[in-house]
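**Student:**
There are 2 protein chains.
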Amino acid sequence: MNWNAISFDWNHVRAFLATVEEGSLSAAARATGQTQPTLGRQVAALEEAIGVTLFERVGRSLTLTTSGAQLVDHVRAMGEAANRISLAASGQSQSIEGLVRISASDVLSAYQLPPVIAQLRDRAPGIEVEVVSSNAISDLLRRDADIALRHIRPEQPELIARKLADSDAYLYATPDYLARVGNPKVVDDLKAANFIGYGAPDEMLPHFVAMGLPLTRDNIRYHSDSGVVGWHMVRQGLGIGVMSEHVAALTPDIVRVMPGLPPVSFPTWLVSHRELITSSRIRLVFDHLAKMLG
Amino acid sequence: MNWNAISFDWNHVRAFLATVEEGSLSAAARATGQTQPTLGRQVAALEEAIGVTLFERVGRSLTLTTSGAQLVDHVRAMGEAANRISLAASGQSQSIEGLVRISASDVLSAYQLPPVIAQLRDRAPGIEVEVVSSNAISDLLRRDADIALRHIRPEQPELIARKLADSDAYLYATPDYLARVGNPKVVDDLKAANFIGYGAPDEMLPHFVAMGLPLTRDNIRYHSDSGVVGWHMVRQGLGIGVMSEHVAALTPDIVRVMPGLPPVSFPTWLVSHRELITSSRIRLVFDHLAKMLG
DNA sequence: TCCAATTCATGCATTTATGTATAGGTGATC
DNA sequence: GATCACCTATACATAAATGCATGAATTGGA
Numbered sequence: 001m002n003w004n005a006i007s008f009d010w011n012h013v014r015a016f017l018a019t020v021e022e023g024s025l026s027a028a029a030r031a032t033g034q035t036q037p038t039l040g041r042q043v044a045a046l047e048e049a050i051g052v053t054l055f056e057r058v059g060r061s062l063t064l065t066t067s068g069a070q071l072v073d074h075v076r077a078m079g080e081a082a083n084r085i086s087l088a089a090s091g092q093s094q095s096i097e098g099l100v101r102i103s104a105s106d107v108l109s110a111y112q113l114p115p116v117i118a119q120l121r122d123r124a125p126g127i128e129v130e131v132v133s134s135n136a137i138s139d140l141l142r143r144d145a146d147i148a149l150r151h152i153r154p155e156q157p158e159l160i161a162r163k164l165a166d167s168d169a170y171l172y173a174t175p176d177y178l179a180r181v182g183n184p185k186v187v188d189d190l191k192a193a194n195f196i197g198y199g200a201p202d203e204m205l206p207h208f209v210a211m212g213l214p215l216t217r218d219n220i221r222y223h224s225d226s227g228v229v230g231w232h233m234v235r236q237g238l239g240i241g242v243m244s245e246h247v248a249a250l251t252p253d254i255v256r257v258m259p260g261l262p263p264v265s266f267p268t269w270l271v272s273h274r275e276l277i278t279s280s281r282i283r284l285v286f287d288h289l290a291k292m293l294g
Numbered sequence: 001m002n003w004n005a006i007s008f009d010w011n012h013v014r015a016f017l018a019t020v021e022e023g024s025l026s027a028a029a030r031a032t033g034q035t036q037p038t039l040g041r042q043v044a045a046l047e048e049a050i051g052v053t054l055f056e057r058v059g060r061s062l063t064l065t066t067s068g069a070q071l072v073d074h075v076r077a078m079g080e081a082a083n084r085i086s087l088a089a090s091g092q093s094q095s096i097e098g099l100v101r102i103s104a105s106d107v108l109s110a111y112q113l114p115p116v117i118a119q120l121r122d123r124a125p126g127i128e129v130e131v132v133s134s135n136a137i138s139d140l141l142r143r144d145a146d147i148a149l150r151h152i153r154p155e156q157p158e159l160i161a162r163k164l165a166d167s168d169a170y171l172y173a174t175p176d177y178l179a180r181v182g183n184p185k186v187v188d189d190l191k192a193a194n195f196i197g198y199g200a201p202d203e204m205l206p207h208f209v210a211m212g213l214p215l216t217r218d219n220i221r222y223h224s225d226s227g228v229v230g231w232h233m234v235r236q237g238l239g240i241g242v243m244s245e246h247v248a249a250l251t252p253d254i255v256r257v258m259p260g261l262p263p264v265s266f267p268t269w270l271v272s273h274r275e276l277i278t279s280s281r282i283r284l285v286f287d288h289l290a291k292m293l294g
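Line by line, the protein sequences give chains A and B. Numbering (full-length UniProt numbering) for the first sequence: 1 to 294. Numbering (full-length UniProt numbering) for the second sequence: 1 to 294.
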């Protein structure tokens, strides 16, 4: 190995990568927990060391030079290798004490996870649990969480997934609200009802249509990014919402809309990283979640 | 990107890599131009940062732990990415001044390269040339050289190779030595002659046999790793040696053995790295070598 | 068994890098 | 066009890493 060729400061490469990814020295400083002068000096030092001008200093912002752009792919590869080192190192941990981060949708996090974690506390009191309540998908690859609960099967080969039991979802509302819309008996009776959307309304509508409901965009008057907020709208009598029967069973004063309507079945996947699952701490939480939710 | 996961000191990863590759902290320090205490502290800091004991300190030497061994692949990948950054950065250099390192066999380096470099000096006086005279093959991938002259076609896809003219090699000796072995006229007359081997004798013998010479291992009494040293043995009348006609033509007082014997033809390849050849300085030297030696 | 060579660990002075505070400049918005 | 928000660059005091010198321990060979 010719060590001289790679004798530039590797931390400066990370500074360059962070600056490219975050868009500015200041943003990179915020993201990495360093300061803007430090990042600026590190990038300048890297330019000096490898003899390539990476950024064009024009006005308030930096733009990549063409030379710099041709290095970015290799720099990203270096960052990904660093990430794999971090993953593998975490996977080597055989300590039964320490942090495990679980990512799940906010509904799962709020209604189903707490009792499961309570049982885990009795079984492994040394484990610290952080619930990353997020409806975004890309948590595991970004290393924001160690274990994720998802409703779609992950495709990445570096992830391992275990399918839990399928759940059934039904339409729910308050008796009060149902009376207000005339106690619907057939799907056509729902044409005048309000439906609660989780996420963007355009995203939710196809699911309702797939259930055989004759709805249009106008039926979704109230919506929220948060499933918990949406469910609270249902509980306040603002409209009809979809919910898994497990969560609905935990909610008093809520009734099923048209009990004859067939349910929507959806899967739940327990996901982790191939290299992380070798950690006995993460493995223990993974198996506990599989047993309790499966 | 979760920057927190890769917030360990990346230079410490290089220290770990160097220690694994070189076998000890002291050897790594010598190889990387740092000191042994620095390397030791860096590896210890990395262990602390990622929570993995990398080395077992037993006696005077360190041995990888199983945990450490499982990180090595990822660490190597990071080093290779760093190497590609270095390559790409060198390739971005559009400066016509600076160092270009040429790797070639010692015979080529000593007899054929100097006049070519003299012409290059007149054409591009700002270019500094280092001739890495080595019979080892793996120079370009180790980044010991920017351009290499080889007699076998390189197979790696990241290398680019241009074939130069084929050369003819003949047997040579001093008239004095030929008289001593009875001025051989047919190949069977060579059975009692001494042949000079370049490299290991077992490696050289098959080439002589392929030329149709009825030789055994006993015919190779004098040999050297260095082709230049071997050729000087021929010039001193120690035996018969193979040499390209170009080099032999530069050597006075040497005659061809049995002029009727057909030559051995061998190719010469000019090789560089795909990412390096984009450097105008390296490109210029590459093209000059191709023109002068082709 | 002893000696020489080589290894890793530690104390200390010096060099180097970092953060804080601040100045200077640019682009978007009202 | 003035203001605001945001960016980068620089000076200086402090914190951190490095190299040197040295010590302690182990291996291999005479």
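Glycine included, each C-beta is placed from N, C-alpha and C at the ideal position.
Per DSSP, S90 of chain B is paired with what?
**Tutor:** Answer is none; S90 of chain B lacks a bridge partner.
**Student:** Can you pull the chain B residues whose beta carbon is under 7 Å from the beta carbon of D146 of chain A, in chain order?
**Tutor:** Those within 7 Å of D146 of chain A in chain B number zero; the least Cβ separation is about 11 Å.
**Student:** How would you label N183 of chain B, buried or exposed, when you count the other beta carbons within 10 angstroms and need 16 or more for buried?
**Tutor:** So N183 of chain B ends up on the exposed side.
**Student:** Could you tell me the distance, in whole angstroms, from the CA atom of W231 of chain B to the CA atom of M204 of chain B?
**Tutor:** Approximately 14 Å between the Cα atoms of the pair.
**Student:** Using a Cβ-Cβ cut-off of 9 Å, state whether A82 of chain A counts as contacting chain B.
**Tutor:** With 9 Å as the cut-off, A82 of chain A counts as an interface residue toward chain B.
**Student:** In chain A, what lies closer than 7 Å to D9 of chain B by C-beta?
**Tutor:** Under the 7 Å cutoff, chain A gives N11.
**Student:** Which residues does DSSP pair with R281 of chain B in a beta bridge?
**Tutor:** Answer by DSSP bridge pairing: none, since R281 of chain B is not bridged.
**Student:** Buried or exposed, going by whether 16 or more other CB atoms sit within 10 Å of the CB of I254 of chain A?
**Tutor:** Classification for I254 of chain A: buried.
**Student:** What in chain B is Cβ-close to L71 of chain A, meaning under 8 Å?
**Tutor:** Correct list: I85, A88, A89 and Q92.
**Student:** What did DSSP end up calling L164 of chain A once you bin it into helix, strand or coil?
**Tutor:** Three-state DSSP puts L164 of chain A in coil, outside helix and strand.
**Student:** Would you mind working out which of B:Y170, B:G197 and B:L215 sits nearest D189 of chain B, comparing C-alpha positions?
**Tutor:** Comparing Cα positions, the closest option is B:L215.
**Student:** Could you tell me whether the Cβ of M204 of chain B comes closer than 9 Å to any Cβ of chain A?
**Tutor:** No - not a single Cβ of chain A is within 9 Å of the one on M204 of chain B.
**Student:** Could you tell me whether the stretch 128-135 of chain B touches the stretch 99-108 of chain B, where touching means 3 or more Cβ pairs closer than 8 Å?
**Tutor:** Taking 8 Å as the limit for Cβ pairs, the verdict is that the stretch 99-108 of chain B does touch the stretch 128-135 of chain B.
**Student:** May I have the straight-line CA-CA distance separating E56 of chain B from L250 of chain A, to the nearest angstrom?
**Tutor:** Answer to the nearest angstrom: the Cα atoms are 53 Å apart.
**Student:** In chain A, what lies closer than 9 Å to R143 of chain B by C-beta?
**Tutor:** Here the neighbours are M1, N2, N4, A5 and I6.
**Student:** Looking only at its chain, what residues have a beta carbon closer than 7 Å to the beta carbon of V13 of chain A, apart from the 5 residues adjacent to it on each side?
**Tutor:** Once the five neighbours on either side are set aside, the close Cβ partners of V13 of chain A are L46, V75 and M78.
**Student:** For a test of the three-state rule: what should DSSP assign to I127 of chain B, helix, strand or coil?
**Tutor:** I127 of chain B: strand per DSSP, three-state reduction.
**Student:** Who are the neighbours of A77 of chain B on chain A, taking C-beta pairs under 9 Å?
**Tutor:** Near A77 of chain B (Cβ distances below 9 Å), the residues of chain A are A77, M78, E80, A81, R84 and I85.
**Student:** At least one CB of chain A closer than 9 Å to the CB of V285 of chain B: is that the case?
**Tutor:** No, V285 of chain B does not count as interfacial toward chain A.
**Student:** State yes or no: is the C-beta of A15 of chain A within less than 9 Å of the C-beta of V43 of chain A?
**Tutor:** Contact flag set, yes.
**Student:** Can you find the residues in the same chain that come closer than 6 Å, C-beta to C-beta, to L62 of chain A, ignoring five residues on each side of it along the sequence?
**Tutor:** If we look at L62 of chain A and ignore the five residues flanking it on each side, its Cβ neighbours are F55.
**Student:** Would you call the CB atoms of S93 of chain A and S280 of chain A closer than 9 Å?
**Tutor:** Against a cut-off of 9 Å, the Cβ pair of S280 of chain A and S93 of chain A comes out as a contact.
**Student:** Mind pulling the chain B residues with CB within less than 7 Å of G51 of chain A?
**Tutor:** Ordered by position in chain B, the residues that pass the 7 Å Cβ test against G51 of chain A are A89 and S93.
**Student:** Per DSSP, L270 of chain B is paired with what?
**Tutor:** The partner list for L270 of chain B (beta bridge, DSSP) reads B:L149 and B:R162.
**Student:** For G265 of chain B, write down the residues that DSSP places opposite it in a beta bridge.
**Tutor:** Looking at the sequence itself, residue 265 of chain B is Ser, so the reference to Gly does not match. Answer by DSSP bridge pairing, in chain order: B:D168.
**Student:** I'd like to know whether the C-beta of G40 of chain B is nearer than 9 Å to at least one C-beta of chain A.
**Tutor:** No - not a single Cβ of chain A is within 9 Å of the one on G40 of chain B.
**Student:** Out of curiosity, what's the CA-to-CA distance linking S226 of chain B and G199 of chain B?
**Tutor:** Their backbone Cα atoms lie some 7 Å apart in a straight line.
**Student:** Strictly below 9 Å CB to CB, what residues from chain A border R14 of chain B?
**Tutor:** Chain A residues near R14 of chain B: W3, I6, S7 and W10.
**Student:** Using a Cβ-Cβ distance cut-off of 9 Å, determine whether S67 of chain B contacts chain A.
**Tutor:** Chain A contact via Cβ: present.
**Student:** Is the distance from the Cβ of W3 of chain B to the Cβ of G33 of chain A below 9 Å?
**Tutor:** A contact, by the Cβ cut-off of 9 Å.
**Student:** How would you call V20 of chain B, buried or exposed, if buried means at least 16 neighbouring beta carbons within 10 angstroms?
**Tutor:** Its Cβ being crowded by 16 or more others within 10 Å, V20 of chain B is buried.
**Student:** Have a look at S26 of chain B and W269 of chain A and give me their C-alpha separation to the nearest angstrom.
**Tutor:** Their Cα atoms are separated by approximately 49 Å.
**Student:** Under 7 Å Cβ-Cβ, which residues of chain A neighbour H246 of chain B?
**Tutor:** Here the premise fails: no neighbours, minimum Cβ distance about 31 Å.
**Student:** So within the stretch 170-238 of chain A, which uninterrupted alpha helix (DSSP H) runs reach at least 4 residues, ignoring any that extend past its ends?
**Tutor:** Listed in chain order, they are 175-180, 201-210 and 227-235.
**Student:** Could you name the residues of the same chain whose beta carbon sits closer than 8 Å to that of L293 of chain B, not counting the 5 residues immediately before and after it, in chain order?
**Tutor:** For L293 of chain B, where only same-chain residues beyond five positions count, the Cβ hits under 8 Å are Q112, V116, L149, L164, A165, T268 and L270.
**Student:** So V247 of chain A is in the beta strand (DSSP E); what residue range does that whole segment cover?
**Tutor:** Counting along the chain, V247 of chain A falls outside any beta strand (DSSP E), though it belongs to the alpha helix (DSSP H) covering E245 to A249.
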